[in-house]
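I have placed the structure first, in the form of structure tokens, so that the comments after it can refer back to it.
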Amino acid sequence: MSKQYETVFILTPILSEAQAKDAVEKFTTIITANGGSIVHEESWGLRKLAYPIQKKNSGFYHVVEYTAAEGNVVDVLETEFRRDERILRFMTIALDKHALAYNEKKRKGLVGRKKEDTAESKTENA
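Counting from 1, one number per residue, gives the positions in the sequence shown under UniProt numbering.
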């Protein structure tokens, strides 16, 4: 039985855009090569970290949501994260039915909007 996972990883900020894309491509290829399939992929870009990691204050954030057979793909992917020096941090979670519903709504734009955006749309409609 397959489960759905979400992995967030932070790449070091010293990479160029092309190098960051190559790193992301490497990890998505690992997922698909080990029997997983990508559901959604999103790049959050260069963001400031909450605290310094390896003397760096920012990093390239990337989120990948995928389905995979239990454990196998996650183990291989996390081993590669640990071996790759471009990765500052990573986190993988298994999504339950509530997280799946939330992510689906987020992709449709129904949740996660800022209050300013909703206030602007109300003034435009009035």
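Here a beta-carbon is modelled for each residue, glycine too, at the ideal position from N, C-alpha and C. The structure presented is a predicted model; accordingly, all values stated were derived computationally and were not measured.
Cα-Cα separation, residue i to residue j
{"i": "Thr63", "j": "Ser2", "result": "The question names Thr, yet the displayed sequence has Val at residue 63. Those two C-alpha atoms are separated by around 19 Å."}
{"i": "Thr28", "j": "Ser58", "result": "22 Å"}
{"i": "Arg82", "j": "Val8", "result": "14 Å"}
{"i": "Val111", "j": "Val74", "result": "28 Å"}
Pair within 8 Å by beta-carbon distance, residue i and residue j
{"i": "Leu15", "j": "Gln54", "result": "no"}
{"i": "Tyr66", "j": "Tyr5", "result": "yes"}
Where residue i sits in the DSSP three-state scheme
{"i": "Val76", "result": "helix"}
{"i": "Gln19", "result": "helix"}
{"i": "Met100", "result": "It should be noted that the sequence gives Leu, not Met, for residue 100. Here Leu100 sits in helix by DSSP."}
{"i": "Thr30", "result": "Residue identity differs from the one stated: residue 30 is Ile in this sequence, not Thr. Ile30: helix per DSSP, three-state reduction."}
{"i": "Lys56", "result": "strand"}
{"i": "Val24", "result": "helix"}
Counterpart residues of residue i in DSSP-defined beta bridges
{"i": "Leu11", "result": "Phe60, Ile87"}
Discussion item. Taking contact to mean 3 or more Cβ pairs, one atom from each stretch, closer than 8 Å, check whether the segment 43-50 and the segment 69-83 are in contact.
Written reply: no
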